[in-house]
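Asks:
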Amino acid sequence: MAWSTKQLADLAGTTVNTVRHYHRLGLLAEPDRLGNGYKQYNVHHLVRLLRIRRLADLGVPLGDAAELLEQDEASPEALEALDRELAKQIEQLQRARSAISALRAGNAPAHIPEGFESVASRLSEADRSIIQISAQLYDAEAMRDLREMVEAGRDNAEYDGLAEDADEATRQRLAEELAPEMAAQFTDYPWLIDQAAHRPRGERLTQETFIRAALALYNDAQRDVIGRAAVIAVEQLAREKAERDGA
Numbered sequence: 001m002a003w004s005t006k007q008l009a010d011l012a013g014t015t016v017n018t019v020r021h022y023h024r025l026g027l028l029a030e031p032d033r034l035g036n037g038y039k040q041y042n043v044h045h046l047v048r049l050l051r052i053r054r055l056a057d058l059g060v061p062l063g064d065a066a067e068l069l070e071q072d073e074a075s076p077e078a079l080e081a082l083d084r085e086l087a088k089q090i091e092q093l094q095r096a097r098s099a100i101s102a103l104r105a106g107n108a109p110a111h112i113p114e115g116f117e118s119v120a121s122r123l124s125e126a127d128r129s130i131i132q133i134s135a136q137l138y139d140a141e142a143m144r145d146l147r148e149m150v151e152a153g154r155d156n157a158e159y160d161g162l163a164e165d166a167d168e169a170t171r172q173r174l175a176e177e178l179a180p181e182m183a184a185q186f187t188d189y190p191w192l193i194d195q196a197a198h199r200p201r202g203e204r205l206t207q208e209t210f211i212r213a214a215l216a217l218y219n220d221a222q223r224d225v226i227g228r229a230a231v232i233a234v235e236q237l238a239r240e241k242a243e244r245d246g247a
């Protein structure tokens with residue numbers, strides 16, 4: 001008795017496309033055909049297919065399956081390597097589940113970087129994008145500090161919605177409103193002034209990438225306001241230092 005491709009797939013608990021895929025990979029030999037072209041699978045094909053499926057269920061990559069299929073005895077080394085790989089996958093899945101739990105708790109978009117789930121709602125689209133890029137440029141300590149700054153920061157709705165043609169008075173007012181918070185951040189997180197220790201990709205690449213991101217994500221008025229606020233904040237800190245030194 002012979003089986004068709006569909007019958008063979010059904011017996012093995014798989015699909016016709018999977019059987020054909022195994023043929024293409026050379027894992028399963030092509031059977032004889034009848035005069036009408038229909039394939040005729042036998043018991044040997046079924047056994048081979050069941051063994052391939054067993055290895056696939058164990059997580060064996062199909063590229064390694066051919067060698068294992070030819071072994072009549074146990075292969076401790078191969079199984080140990082497979083076990084290590086599965087352990088890594090389990091760890092990755094556990095981390096993914098933890099991340100999903102944090103995203104759900106913070107009602108945050110799935111693309112938000114790790115650690116920012118609970119503050120995602122306070123970020124504009126541009127801020128989310130700049131943080132996404134920052135996570136590739138700065139180390140974990142710096143990203144934890146950025147999260148703390150977002151959490152403790154003021155409502156920046158007016159800045160987030162600032163029009164590119166905002167007038168001079170509006171720009172200066174916003175800069176003066178932002179400056180005290182920025183000065184406090186410079187004091188609490190000194191690395192914001194000298195970032196070298198927190199740039200694992202190097203100063204040049206980090207600066208170039210960050211500048212390109214700021215130009216693309218924020219309009220001229222927003223960049224102008226931040227620049228002004230930074231100047232005011234640095235001047236404020238300098239005055240405070242001078243006063244302390246003179247006391």
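Take 1 as the starting number for the sequence shown in the UniProt record's numbering and just add one per residue. For every residue, glycine included, the Cβ atom is placed at its ideal position computed from N, Cα and C.
Write down every uninterrupted run of the beta strand (DSSP E) in the stretch 54-82 whose length is 3 residues or greater and which is fully enclosed by it, in chain order.
Replies: none
Asks: Which residues in the same chain as residue 213 place their Cβ atom closer than 8 Å to its Cβ, once the five residues preceding and following it in sequence are excluded?
Replies: For the purposes of this step, residue 213 is identified with residue 213 of the sequence shown, where counting begins at 1. Within the same chain, residue 213 has close Cβ partners 129, 130, 133.
Asks: In this structure, how does DSSP classify residue 40 when only helix, strand and coil are distinguished?
Replies: Position 40 of the sequence shown, counted from the start, is the residue given in the question as residue 40. DSSP places residue 40 in strand when its eight states are reduced to three.
Asks: Taking the alpha-carbon positions, what's the residue 191 to residue 202 distance?
Replies: Translated into positions along the sequence shown, residue 191 becomes position 191. Translated into positions along the sequence shown, residue 202 becomes position 202. Computed Cα separation, rounded: 15 Å.
Asks: Tell me the DSSP secondary structure of residue 127 in three-state form.
Replies: Residue numbering aside, residue 127 sits at position 127 when the sequence shown is read from its first letter. Correct three-state label for residue 127: helix.
Asks: Is it right to say residue 15 is buried, meaning 16 or more other beta carbons lie within 10 angstroms of its own, or is it exposed?
Replies: For the purposes of this step, residue 15 is taken as the residue at position 15 of the sequence shown. Burial call: exposed.
Asks: May I ask you to report which of helix, strand or coil DSSP gives residue 33?
Replies: For this step, residue 33 is matched to residue 33 along the sequence shown. In this structure, residue 33 counts as strand in the three-state DSSP scheme.
Asks: Excluding sequence positions up to five away, which residues of its chain have a Cβ less than 6 Å from the Cβ of residue 9?
Replies: On the sequence shown, residue 9 is found 9 positions in, with the first residue counted as 1. These residues qualify, in order along the chain: 15, 16, 19.
Asks: Under 8 Å Cβ to Cβ from residue 196, same chain only, skipping five residues before and after it: list those, please.
Replies: Residue 196 sits at position 196 when you count from the first residue of the sequence shown. Counting only Cβ-Cβ distances below 8 Å, and skipping sequence neighbours, we find 203.
Asks: For my contact list, residue 84 and residue 69 are in at a C-beta cut-off of 8 Å; report their separation, rounded to the angstrom.
Replies: In the sequence shown, residue 84 corresponds to position 84, counting from 1. In the sequence shown, residue 69 corresponds to position 69, counting from 1. No, residue 84 and residue 69 are not in contact; Cβ-Cβ is about 21 Å, not under 8 Å.
Asks: As a quick exercise: from 77, 82, 125, 76, pick the residue whose alpha carbon is nearest that of residue 62.
Replies: Numbered from its first residue, the sequence shown carries residue 62 at position 62. Measuring from the Cα of residue 62, the nearest candidate turns out to be 82.
Asks: Determine the extent of the alpha helix (DSSP H) in which residue 195 is found, giving its start and end residues.
Replies: The residue given as residue 195 occupies position 195 in the sequence shown. Looking at the DSSP string, residue 195 is not in any alpha helix (DSSP H), and its letter there is neither H nor E.
Asks: Grab me the residues of residue 58's own chain with a C-beta within less than 7 Å of its C-beta, minus the 5 sequence neighbours each way, in chain order.
Replies: Along the sequence shown, one-based indexing puts residue 58 at 58. Taken in chain order, the residues that qualify are 82.
Asks: When you compare only the Cα positions, how much space is there between residue 241 and residue 139?
Replies: Stepping through the sequence shown from its first residue, residue 241 is reached at position 241. Stepping through the sequence shown from its first residue, residue 139 is reached at position 139. For residue 241 and residue 139, the distance between alpha carbons rounds to 29 Å.
Asks: Taking just the CA atoms, how far does residue 78 sit from residue 48?
Replies: Along the sequence shown, read from residue 1 onward, the residue named residue 48 stands at position 48. Along the sequence shown, read from residue 1 onward, the residue named residue 78 stands at position 78. Cα to Cα, residue 48 sits roughly 19 Å from residue 78.
Asks: Would you be able to state if there are at least three C-beta pairs under 8 Å between the stretch 98-115 and the stretch 169-179?
Replies: No, the stretch 169-179 does not touch the stretch 98-115.
Asks: If contacts are defined as beta-carbon pairs under 8 Å, then residue 143 and residue 185 qualify, I think. What distance do you get, rounded to the angstrom?
Replies: What you label residue 143 is simply residue 143 of the sequence shown in a count that begins at 1. What you label residue 185 is simply residue 185 of the sequence shown in a count that begins at 1. No, residue 143 and residue 185 are not in contact; Cβ-Cβ is about 15 Å, not under 8 Å.
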